[in-house]
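Report on one structure; see the data block that follows.
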Amino acid sequence: MRVDIMQMWNCFRRRKKTASIFLVLTVVFFSGSVFSEMRIWEEISGVQVKAEFERELFDSVQLRRPDGSLYSVPLENLSAQDIKYIRTMIPPKIELSVRTKKRSKERSKNITRADYEQFQDDINVATASVEVEKKSRTDYDGNLRLEIYLVGREVFTPDIYRLSGKRASQVKFTEENKGIYTFEASADFRVYMEYNYDLRGANYEGHLVVVVDPKGNKLASDTNISWLKDEANVEALRQFRVDQFFDESCTKRSAPRPRYYNSRREF
Amino acid sequence: MSAVKKKSEKKQGLIKGQSTSVLVSIGVHAALLIAASTYVAVQIVESKKAVFVPPVPKERPKMNLKKPRVKMKKTSKPRSTSRIVSKNAASMPDLQLPDISSAGSGLGGGVGGYELVPNVEDMSLFGGSKSVASGNDFVGTFYSLQYDRNGKNLQTSDQEYEQAIREFVDKDWNPYVFFPYYRGPQKLYTTQIFIPTISSEFGPSFFGIPAGPDFDPIMWCVHYKGKIMRKDGGRFRFWGFGDDVLLVRVNGEVVLNASYVFARPRYCPWDGNKEDYQYWLGHAEAAVGNWFELEPGVPVEMEVLIGEQPGGQICGYLLVEEEGETYFKNQQGMPILPVFKTAEIPEPVKDKIKYTLIEGEGDLDSDLMFNVY
Numbered sequence: 002m003r004v005d006i007m008q009m010w011n012c013f014r015r016r017k018k019t020a021s022i023f024l025v026l027t028v029v030f031f032s033g034s035v036f037s038e039m040r041i042w043e044e045i046s047g048v049q050v051k052a053e054f055e056r057e058l059f060d061s062v063q064l065r066r067p068d069g070s071l072y073s074v075p076l077e078n079l080s081a082q083d084i085k086y087i088r089t090m091i092p093p094k095i096e097l098s099v100r101t102k103k104r105s106k107e108r109s110k111n112i113t114r115a116d117y118e119q120f121q122d123d124i125n126v127a128t129a130s131v132e133v134e135k136k137s138r139t140d141y142d143g144n145l146r147l148e149i150y151l152v153g154r155e156v157f158t159p160d161i162y163r164l165s166g167k168r169a170s171q172v173k174f175t176e177e178n179k180g181i182y183t184f185e186a187s188a189d190f191r192v193y194m195e196y197n198y199d200l201r202g203a204n205y206e207g208h209l210v211v212v213v214d215p216k217g218n219k220l221a222s223d224t225n226i227s228w229l230k231d232e233a234n235v236e237a238l239r240q241f242r243v244d245q246f247f248d249e250s251c252t253k254r255s256a257p258r259p260r261y262y263n264s265r266r267e268f
Numbered sequence: 053m054s055a056v057k058k059k060s061e062k063k064q065g066l067i068k069g070q071s072t073s074v075l076v077s078i079g080v081h082a083a084l085l086i087a088a089s090t091y092v093a094v095q096i097v098e099s100k101k102a103v104f105v106p107p108v109p110k111e112r113p114k115m116n117l118k119k120p121r122v123k124m125k126k127t128s129k130p131r132s133t134s135r136i137v138s139k140n141a142a143s144m145p146d147l148q149l150p151d152i153s154s155a156g157s158g159l160g161g162g163v164g165g166y167e168l169v170p171n172v173e174d175m176s177l178f179g180g181s182k183s184v185a186s187g188n189d190f191v192g193t194f195y196s197l198q199y200d201r202n203g204k205n206l207q208t209s210d211q212e213y214e215q216a217i218r219e220f221v222d223k224d225w226n227p228y229v230f231f232p233y234y235r236g237p238q239k240l241y242t243t244q245i246f247i248p249t250i251s252s253e254f255g256p257s258f259f260g261i262p263a264g265p266d267f268d269p270i271m272w273c274v275h276y277k278g279k280i281m282r283k284d285g286g287r288f289r290f291w292g293f294g295d296d297v298l299l300v301r302v303n304g305e306v307v308l309n310a311s312y313v314f315a316r317p318r319y320c321p322w323d324g325n326k327e328d329y330q331y332w333l334g335h336a337e338a339a340v341g342n343w344f345e346l347e348p349g350v351p352v353e354m355e356v357l358i359g360e361q362p363g364g365q366i367c368g369y370l371l372v373e374e375e376g377e378t379y380f381k382n383q384q385g386m387p388i389l390p391v392f393k394t395a396e397i398p399e400p401v402k403d404k405i406k407y408t409l410i411e412g413e414g415d416l417d418s419d420l421m422f423n424v425y
């Protein structure tokens with residue numbers, strides 16, 4: 002009896018250990034494949050397998066079974082329903098490329114009159130041009146969303162930034178664009194002399210570009226601002242409206258006010 | 053013999069071989085069964101035929117529905133100014149007619165959609181393209197006296213501009229005076245009249261005229277019209293400063309001429325007040341208006357004319373003082389007066405105002421509002 006109990010206990014311990022390992026693996030794998038779900042896949046031959054999408058590899062699809070093992074299926078062998086699932090529910094691999102340029106804005110005749118040339122007043126237009134290229138071989142019919150944010154840095158109060166422009170678009174990969182979707186956003190950055198003779202306004206600081214899937218999961222991002230590489234800052238910035246002021250931790254700040262000055266004179 | 057007889061008597065009855073009582077019993081039971089079955093069948097049929105009879109409605113008192121007082125402003129875009137726009141665009145070398153659809157492009161560009169609620173992010177210091185507070189809006193119309201209705205540059209002189217403004221005032225603020233001139237395609241809706249000092253080139257762009265080398269942002273004005281009311285009535289006066297034109301009329305009477313001091317009397321006859329020019333608002337001194345009274349709960353019409361003459365800077369600071377109230381003082385010793393408004397100022401607009409407003413030169417968060425609805 003005693004021996005039987007010990008055997009039973011050892012068996013239980015082994016099973017518990019196995020269950021723990023399984024749980025850890027499951028968590029890791031789930032975290033690694035947040036876009037897919039466990040489902041029944043069916044090949045055109047009728048073979049079915051319960052698995053979740055792992056990755057696309059050349060002309061095949063790798064699926065991960067509940068036990069963790071990988072199962073590889075050529076794309077052409079998958080059922081039409083599975084192909085449709087991949088094309089709409091599994092976001093493709095994409096590559097982002099961002100180019101920015103600045104140009105001086107053409108002003109009205111009035112602002113270039115000699116009377117006012119003594120006062121500095123320049124507007125630069127910054128434009129971020131984005132290319133989203135689909136790298137997966139499978140077509141994608143779902144909706145990805147591309148967001149572009151343009152950030153300025155205050156001249157008089159350099160610890161304050163401003164969201165000067167933002168724009169969004171649905172990403173479409175079509176035969177016409179050959180899997181490369183382009184989009185751009187522009188914003189004005191004006192630096193001028195305020196009526197209190199302080200230099201105010203904002204210079205272009207940089208951009209943030211984000212691509213999200215239909216569920217709002219971030220697929221890719223690009224920025225040339227170091228403190229925008231922080232995920233929390235990115236999420237905070239995405240909620241800001243245009244002309245929102247904030248600091249490097251993406252905490253909202255009040256609009257900077259002009260200084261009071263004692264010796265006022267006619268402008 | 054008698055036993056046989058008895059035996060034969062026993063066998064006689066309705067059915068041979070059965071006693072009469074048994075047969076009668078069977079008959080009675082059969083009859084009962086048939087009757088019962090019939091009854092059940094009838095009940096079933098009757099229940100199928102049952103019709104729902106709704107409960108008798110409860111007596112409810114009649115509600116006297118009054119016609120709502122609120123008039124919904126049309127949120128559709130204003131009519132294109134076909135009466136002043138030339139059909140032949142090629143004959144207008146001086147002004148590129150603005151495309152109304154080019155006004156405003158926030159997040160969502162390229163996606164499209166139908167806005168049921170105005171986007172406050174798109175609101176400017178001069179107002180927004182849609183009403184945000186139906187019935188309490190002031191509607192602003194832009195006129196450029198530099199161009200005629202067809203967009204031809206008139207090269208308007210300072211004197212001609214001042215005469216046109218004066219004619220508008222003398223003819224009871226009739227906008228028909230501006231009929232010969234170019235009218236902006238986009239009316240704006242606002243619930244506050246408070247424009248801190250900004251470059252004059254940005255004014256026209258909010259009314260649908262793109263800023264740029266094709267449009268000279270001088271010799272223009274904006275005419276705002278709306279209604280004001282105070283539930284409890286009261287006595288009020290405006291303080292303000294306009295570069296170059298700021299005129300306010302309440303119930304048909306000019307109560308403030310806070311235009312630039314050099315041209316003030318040329319725009320509108322005005323006696324001035326002893327408190328004039330004691331304090332600075334923005335980049336020049338403030339003027340003080342005449343007291344006016346509002347009867348409790350009675351809406352009255354109010355109009356504001358803001359204008360820019362030679363270019364440079366534009367502003368239209370409009371503050372309001374209530375008689376009998378005490379106010380904190382700012383660094384200059386000027387009372388920190390409420391900004392004129394008919395509704396709470398949206399946060400994005402507040403930020404735009406604050407960015408160019410020295411602290412203490414206007415209270416954006418005061419409870420004083422002149423809403424009718």
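Protein chains in written order, with the numbering used here: chain A, 2 to 268; chain B, 53 to 425. A virtual CB, placed ideally from N, CA and C, is assigned to each residue, including glycine.
- DSSP lists L151(A) as the bridge partner or partners of H208(A).
- DSSP, reduced to helix, strand and coil, places I366(B) within a strand of the structure shown.
- Of all C-beta pairs linking the region 79–95 of chain A to the region 218–237 of chain B, fewer than three are shorter than 8 Å, placing the two stretches out of contact.
- The DSSP-derived three-state label of N325(B) is coil.
- When rounded, the separation of the alpha-carbon atoms in L308(B) and A339(B) is 8 Å.
- Assigned with DSSP and collapsed to three states, H275(B) falls in strand.
- Identification of chain B residues near A237(A) by a Cβ-Cβ cut-off of 7 Å yields none; the smallest Cβ-Cβ distance measures about 16 Å.
- Within chain A, S109 have C-beta atoms less than 8 Å from the C-beta of F267(B), given in sequence order.
- At least one CB of chain B lies nearer than 9 Å to the CB of R242(A).
- Cα atoms of V184(B) and E399(B): separation of roughly 13 Å, rounded to the nearest angstrom.
- With fewer than 16 other Cβ atoms from the protein chains shown falling within 10 Å of its own Cβ, Y228(B) counts as exposed.
- Going by DSSP, V62(A) is part of no alpha helix (DSSP H) but of the beta strand (DSSP E) stretching over 61–65.
- Inter-residue distance for I149(A) and N382(B) is about 42 Å (C-alpha atoms, whole angstroms).
- Put simply, the region 249–269 of chain B does not touch the region 410–419 of chain B. Fewer than three CB pairs are less than 8 Å apart.
- Across the region 119–137 of chain A, CB contacts with chain B closer than 8 Å involve D122, in sequence order along the chain.
- Between R260(A) and chain B, the shortest Cβ-Cβ separation is below 9 Å.
- Under the Cβ criterion of 9 Å, Y407(B) is counted among the residues facing chain A.
- Within the region 241–308 of chain B, the alpha helix (DSSP H) runs of at least 4 residues that lie entirely inside it are, in chain order, 254–258.
- Non-local C-beta neighbours of G363(B) in its own chain, meaning closer than 7 Å and more than five positions away in sequence, comprise S252, P269, I270, ordered along the chain.
- Ranked by Cα distance from M281(B), the options F314(B), Y91(B), N423(B) are led by N423(B).
- Contacts with chain A at 9 Å (Cβ-Cβ) do not include G414(B).
- A distance below 7 Å between beta-carbons, with the five flanking residues on each side excluded, links I161(A) to the following residues of its chain, in chain order: E155, F246, D248, R254, P257.
- Chain B has no Cβ within less than 9 Å of the Cβ of Q82(A).
- Taking the CA atoms as reference points, V191(B) sits about 28 Å from P265(B).
- For the region 244–257 of chain A, the set of residues with a beta-carbon nearer than 9 Å to any beta-carbon of chain B comprises D244, Q245, F246, S255, A256, P257, in chain order.
- Here M386(B) carries a coil assignment [DSSP, helix/strand/coil].
- With contacts defined as CB atoms closer than 9 Å, G292(B) and G368(B) qualify as a contacting pair.
- Here H208(A) is buried: its Cβ has 16 or more other Cβ atoms, across all protein chains shown, within 10 Å.
- From the beta-carbon of P400(B), the residues of chain A found nearer than 9 Å are R242, V243, D244, Q245.
- Boundaries around I358(B) are those of the beta strand (DSSP E), 352–360, since no alpha helix (DSSP H) includes it.
- Each residue's CA atom was taken as its position, placing I181(A) and V133(A) some 6 Å apart.
- For the C-beta of Y86(A), not a single chain B residue is nearer than 9 Å; the gap to the nearest is close to 25 Å.
- Distances from the alpha-carbon of Y233(B) to those of L206(B), R201(B), I250(B), F220(B) put R201(B) closest.
- Pairing L220(A) with L145(A) gives a Cβ-Cβ distance under 9 Å.
- Residues of the region 174–205 of chain A that bring their beta carbon within less than 9 Å of a beta carbon in chain B comprise F184, A186, R191, Y193, E195, Y196, N197, R201, in sequence order.
- Judged by DSSP secondary structure, L197(B) falls within the beta strand (DSSP E) whose first and last residues are 190–200.
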